[in-house]
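Heads up: the sequence shown runs through residues 1 to 113, numbered per UniProt numbering.
Think of the CB as a built atom: it goes at the ideal place given N, C-alpha and C, for glycine as much as any other residue.
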Amino acid sequence: MSGQFWKDLNDDLKDPDFARAYAAESVRIATIDALVRELDELRESAGLSKAQLARAIGSDPSVVRRMFSSASVNPTVGTLTEIAAALGMRVALVPMSAEDQEQITEPMRSAVA
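Right, here's the structure in full:
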């Protein structure tokens, strides 16, 4: 890593509170992005428009359109669960890899030690 940004980030990550917040935000963003991307692919595979999917979950089409179009989306677990169900899926928890646990779980837990 080079550049002042990366140097500053590495320095900031030495603070356990900052490392915890950074890890939590990083995993939150990555998880939401992955879920939304996969749900949109499933929607397309099912041949459903965003409006049709919105009607299937009893939601305003603008809610679904924004979720699949916006760069800064933060859907509720309820909305993700309903969309998944309408596409024949469930939202489930899966174990993290050892590498992810090292980069995410350990910094989050070290802040409470």
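Item                                                                                                                           : Value
Cut-off 7 Å between Cβ atoms - residues of its own chain near residue 53, not counting five sequence neighbours on either side : 43, 64, 83 and 86
Residue burial classification, residue 50 (beta-carbon count within 10 angstroms, cutoff 16)                                   : buried
Beta-carbon proximity of residue 107 to residue 23, cut-off 8 Å                                                                : yes
Proximity below 8 Å, CB of residue 27 to CB of residue 104                                                                     : yes
Nearest-angstrom beta carbon gap, residue 75 and residue 67 [assumed within contact, 8 Å]                                      : 5 Å
Distance between residue 3 and residue 89 (C-alpha atoms, nearest Å)                                                           : 43 Å
Cα-Cα separation, residue 91 to residue 80                                                                                     : 8 Å
DSSP state of residue 76 mapped onto helix, strand, coil                                                                       : coil
Under 8 Å between C-beta atoms of residue 73 and residue 32                                                                    : yes
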